[in-house]
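In the working numbering, the protein residues as written are 63 to 122. Inspection log for the structure reproduced underneath, given as structure tokens.
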């Protein structure tokens, strides 16, 4: 995704895309189902958490 595309997507849309990517990875990755995510999963989960925090802060 280019920065222009990211700017046109709403925060909620990016948050939901990050959620789906994180969930899809977790389903097939046993390490990510535990407390220590794998090298691929960690950035996915971190992006989801960061966007979730931003979205929830905006809702307040």
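For each residue, glycine too, the CB sits at the ideal point set by N, CA and C. Please read all numbers here as calculations on a predicted model, not as lab measurements.
Would you kindly work out how many angstroms separate the C-alpha atoms of residue 82 and residue 96, rounded to a whole number?
-> 18 Å
Which listed residue (121, 120, 103) has its alpha carbon closest to that of residue 80 | 103
Cα separation between residue 93 and residue 111?
-> 18 Å
Can the beta-carbon of residue 106 be found less than 8 Å from the beta-carbon of residue 84?
-> yes
Close-in-space but distant-in-sequence residues of the same chain around residue 120 (CB under 7 Å, 5 per side omitted) = 73
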